[in-house]
Amino acid sequence: MKKILPGIIALISGILILAGYFFQDRSGGLLVLLINWGILLISVAGLVGIGYLLQMHIHRLFQHKKGRFFSIILLVSFLITLILGFLFSLESAFFRELILNIQIPVETSLLALLAVILFSSSTRLIKTRGWTPLSIGFLCSAMVFLFLDLGFLQTGTGTLAAELIVLIRRLPLAGARGILLGMALGGLIVGLRVLLLLDRPFGEGK
Amino acid sequence: MNWSIVGWMAIGLSALMLVIFSLLRKKPDTYSLRRSVSAEGLMKAQTNAIERGQPRLIAIGDQYWSRTYPGLGLHALTALPILADAENIVDGELSVSGGDGSLVVLARQIVQSDYVNGFSMELSNPRVRTILPGPTQLSYSVGLLYELGLQKYGSIALFGNYGPEAILWTEAVQSRGGYVFAAAGSIISQAVLLFNVRDLVIGESVFSTAGLLTSNEVDQTRWMTEDILRVLLILGLIAGVIMRLVGVL
């Protein structure tokens, strides 16, 4: 019973939410109620997760493990943010300025690092994958779209060449839609398998 | 007929096929269209890392639920019991990392449940570390990079929802000789990981990763259902294009 009960709850909740989603006008607020319950549970779990984060760093600090200096920085920053968050509300301009003026430069520097790594990695595509149809196709398409986006190729409006360029420029969108359709199918099957208790990640579901 | 009815039909048909194929339950390998060199590579790398006593990491994404990729968080959790098996759990070198508190809490529950089921109901303290390096996308990325720098990881497996920052982690592991497997979901992450991850699963195959890692009859039902749906979708798209061309739509 202990193993079946979570599955039955998942099954009933899933079907109710699906029904509420498709028949919103007839659900009588049931969908909103269930989603609010879900958000509440997820929020509590999120808080527990932050507890894990703090626990890990406190443990690292007191066990004198490698990297405890950064754990101190994290814990102090967390405490300062928490205290200021209680003192000032999220609407406070001072609080937002203070946090964002630290957060945005840090995130920007990470993105700058990402750009450098992306560039260096792109030069190693052939080394990683070899001369396969995939890697050659990827490189060729990257070159073509880079060239098209530079804007060097100019054509008169309404000409066949202009139509062709518009068509070529829409190809990545079509490809992305294809991948998203495939992923939607995959997502649908994963959800249904959990709902139908064929997959039970919460126990005995291997 | 409106889109709600079409949605119900798609979901109902999928559910029906899953139930029917599960009841029929063919013998293993009767529908073995799926073999993945990437998945086999991950299993080998995990085994090698265990033999060498190296730490291993399973990253399950930075979001449990996202509007664009709603199934990815759940998928990462369904793949977790397969990767966190008894062999992987006992040496205490496995870490599971997520960037969303709820995802990490659920992952911890799964790992503990696996441990109890595999060993004893009396034991409930697996040595698997479930960590939350940061609660937002970029703080998770920075925190994970820091974690990866602390130890020399033998293997890292990426599941779930990520952005392009995933390439930073793969770079950090590969530069120290570690192995990387990625079934990371978002289109951007798939595109950037193509550069430097040899064992990469993309598109709808991401959702089949659990089945690719350990093929059994339950996964065959999923593959059959997915294949039939795919064929129906292709036929639908072709029919839609033809109807548009002749002016019906």
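Residue numbers (this note's numbering), protein chains in the order written: chain A, 4 to 209; chain B, 59 to 307. We treat Cβ as the ideally placed atom computed from N, Cα and C, and that holds for glycine.
(1) Is it right to say SER95 (chain A) is buried, meaning 16 or more other beta carbons lie within 10 angstroms of its own, or is it exposed?
(2) Use the C-beta contact count for ASP277 (chain B): other C-beta atoms within 10 angstroms, 16 or more gives buried, fewer gives exposed.
(3) Could you check which residue in B:TYR237, B:VAL169, B:GLN248 and B:LEU307 has the C-alpha nearest to that of LYS102 (chain B)?
(4) Can a CB atom of chain B be found closer than 8 Å to the CB of THR84 (chain A)?
(5) How big is the Cα-Cα spacing for SER199 (chain B) and PRO139 (chain B)?
(6) According to DSSP, is LYS209 (chain A) helix, strand or coil?
(7) Would you say LEU142 (chain A) reaches chain B, if we count a Cβ-Cβ gap shorter than 8 Å as a contact?
(8) Per DSSP, what are the beta-bridge partners of ALA241 (chain B) in this structure?
(9) VAL51 (chain A) CB to nearest chain B CB: under 8 Å?
(10) Per DSSP, what are the beta-bridge partners of ARG187 (chain B) in this structure?
(11) So GLY185 (chain A) contacts chain B; which residues on that side make the cut at Cβ distance below 7 Å?
(12) For VAL193 (chain A) versus PHE265 (chain B), is the C-beta distance shorter than 8 Å?
(13) Pairs of beta-carbons, one from the stretch 153 to 161 of chain B and one from the stretch 43 to 51 of chain A, closer than 8 Å: are there three or more?
(14) Exposed or buried, what is PRO128 (chain B) when buried is set at 16 or more other beta-carbons lying within 10 Å of its beta-carbon?
(15) Assign TYR24 (chain A) to one of two classes, buried (16 or more other C-beta atoms within 10 Å of its C-beta) or exposed (fewer than that).
(16) Could you confirm whether any beta carbon from chain B is found closer than 8 Å to the beta carbon of GLY208 (chain A)?
(17) Return the first residue and the last residue of the beta strand (DSSP E) that PRO114 (chain B) is part of.
(18) Taking the straight line between their C-alpha atoms, what separation do you get for VAL148 (chain B) and LEU64 (chain A)?
(19) Look at the alpha carbon of LEU128 (chain A) and the alpha carbon of GLY31 (chain A), and state the distance between them as a whole number of angstroms.
(20) Find the residues of chain A that neighbour GLY129 (chain B), judging by a C-beta separation of less than 9 Å, and give them in chain order.
(21) With a threshold of 8 Å on Cβ separation, who are the neighbours of ALA165 (chain A) within its own chain once the five nearest residues in sequence on each side are excluded?
(22) If you compare alpha carbons, which of B:ALA249, B:ALA241, B:VAL259 and B:MET75 is closest to LEU135 (chain B)?
(23) Counting C-beta neighbours from all protein chains within 10 Å, is the total for TRP253 (chain B) 16 or more, i.e. buried, or is it exposed?
(24) For ARG288 (chain B), which residues in chain A fall below 7 Å Cβ to Cβ?
(25) For the stretch 18 to 38 of chain A, enumerate the residues whose C-beta is nearer than 8 Å to any C-beta of chain B, in chain order.
(26) Bridge partners of LEU258 (chain B), per DSSP?
(27) Fully enclosed by the stretch 99 to 145 of chain B, which beta strand (DSSP E) runs are 3 residues long or longer?
(28) Write down the C-beta distance between VAL231 (chain B) and LEU206 (chain B) rounded to the nearest angstrom, noting that I regard them as a contact closer than 8 Å.
(29) Once you ignore the five residues that flank LEU271 (chain B) on each side, which residues in its own chain have a CB closer than 8 Å to its CB?
Straight from the coordinates:
(1) On the first sequence, position 92 is the one that residue 95 (chain A) refers to. Exposed, because fewer than 16 other Cβ atoms sit within 10 Å of the Cβ of SER95 (chain A).
(2) The residue you call residue 277 (chain B) lines up with position 219 of the second sequence. Buried.
(3) Here residue 102 (chain B) refers to the residue found at position 44 of the second sequence. Looking at the Cα atoms, B:TYR237 is the closest of the given residues.
(4) Counting from one through the first sequence, the residue named residue 84 (chain A) turns up at place 81. It does not: the Cβ of THR84 (chain A) has no partner Cβ on chain B nearer than 8 Å.
(5) Walking along the second sequence from the start, residue 199 (chain B) turns up at place 141. Walking along the second sequence from the start, residue 139 (chain B) turns up at place 81. C-alpha separation (whole angstroms): 24 Å.
(6) Residue mapping note: residue 209 (chain A) aligns to position 206 of the first sequence, counting from 1. Residue placement at LYS209 (chain A) is poorly supported in this model, since its pLDDT is 45, which falls under 50; the coordinates still yield a value, given next. In this structure, LYS209 (chain A) counts as coil in the three-state DSSP scheme.
(7) Position 139 of the first sequence, counted from the start, is the residue given in the question as residue 142 (chain A). Taking Cβ atoms only, chain B never reaches closer than 8 Å to LEU142 (chain A), which makes this a no.
(8) What you label residue 241 (chain B) is simply residue 183 of the second sequence in a count that begins at 1. DSSP output for ALA241 (chain B) lists B:PHE217 as bridge partner(s).
(9) By one-based count along the first sequence, residue 51 (chain A) stands at place 48. Yes - at least one Cβ of chain B is within 8 Å of the one on VAL51 (chain A).
(10) Here residue 187 (chain B) refers to the residue found at position 129 of the second sequence. DSSP, once it has assigned bridges, lists B:SER153 as partnering ARG187 (chain B).
(11) Translated into positions along the first sequence, residue 185 (chain A) becomes position 182. Chain B residues near GLY185 (chain A): GLY261 and GLU262.
(12) Taking the first residue of the first sequence as position 1, residue 193 (chain A) is located at position 190. Taking the first residue of the second sequence as position 1, residue 265 (chain B) is located at position 207. Contact flag set, yes.
(13) yes
(14) Taking the second sequence and counting its residues from 1, the one referred to as residue 128 (chain B) is at position 70. Buried is the call here.
(15) The count along the first sequence starts at 1 and reaches residue 24 (chain A) at position 21. Around the beta-carbon of TYR24 (chain A), fewer than 16 other beta-carbon atoms lie within 10 Å, marking it exposed.
(16) To locate residue 208 (chain A), count along the first sequence from 1; it is residue 205. Annotation note: pLDDT 45 at GLY208 (chain A) (below 50); position unreliable, coordinate value reported separately. Chain B has a Cβ within less than 8 Å of the Cβ of GLY208 (chain A).
(17) The residue you call residue 114 (chain B) lines up with position 56 of the second sequence. According to the sequence provided, residue 114 (chain B) is Arg. The question's Pro does not apply to it. That run of the beta strand (DSSP E) goes 114 to 117.
(18) Residue mapping note: residue 148 (chain B) aligns to position 90 of the second sequence, counting from 1. Residue mapping note: residue 64 (chain A) aligns to position 61 of the first sequence, counting from 1. Looking at the two C-alpha atoms, the distance is approximately 25 Å.
(19) By one-based count along the first sequence, residue 128 (chain A) stands at place 125. By one-based count along the first sequence, residue 31 (chain A) stands at place 28. Taking the straight line from one Cα to the other gives about 54 Å.
(20) Residue 129 (chain B) sits at position 71 when you count from the first residue of the second sequence. The contacting residues are MET186, ALA187, GLY189, GLY190, LEU191, ILE192, VAL193 and GLY194.
(21) What you label residue 165 (chain A) is simply residue 162 of the first sequence in a count that begins at 1. These residues qualify, in order along the chain: THR158 and GLY159.
(22) The count along the second sequence starts at 1 and reaches residue 135 (chain B) at position 77. Out of B:ALA249, B:ALA241, B:VAL259 and B:MET75, B:ALA241 has the C-alpha closest to the C-alpha of LEU135 (chain B).
(23) Numbered from 1 along the second sequence, position 195 holds the residue referred to as residue 253 (chain B). According to the sequence as given, residue 253 (chain B) is Phe; it is not Trp. Burial call: buried.
(24) Position 230 of the second sequence, counted from the first residue, corresponds to residue 288 (chain B). Here the neighbours are LEU188.
(25) LEU21, PHE25 and PHE26
(26) Indexing the second sequence from 1 puts residue 258 (chain B) at position 200. DSSP, once it has assigned bridges, lists B:ALA240 as partnering LEU258 (chain B).
(27) Runs found: 114 to 117.
(28) Counted from its first residue, the second sequence places residue 231 (chain B) at position 173. Counted from its first residue, the second sequence places residue 206 (chain B) at position 148. Their Cβ separation, rounded to whole angstroms, is 6 Å, which keeps VAL231 (chain B) and LEU206 (chain B) in contact under 8 Å.
(29) Position 213 of the second sequence holds residue 271 (chain B). Hits under 8 Å: ALA97, LEU100, MET101, ALA137, ILE140 and LEU141.
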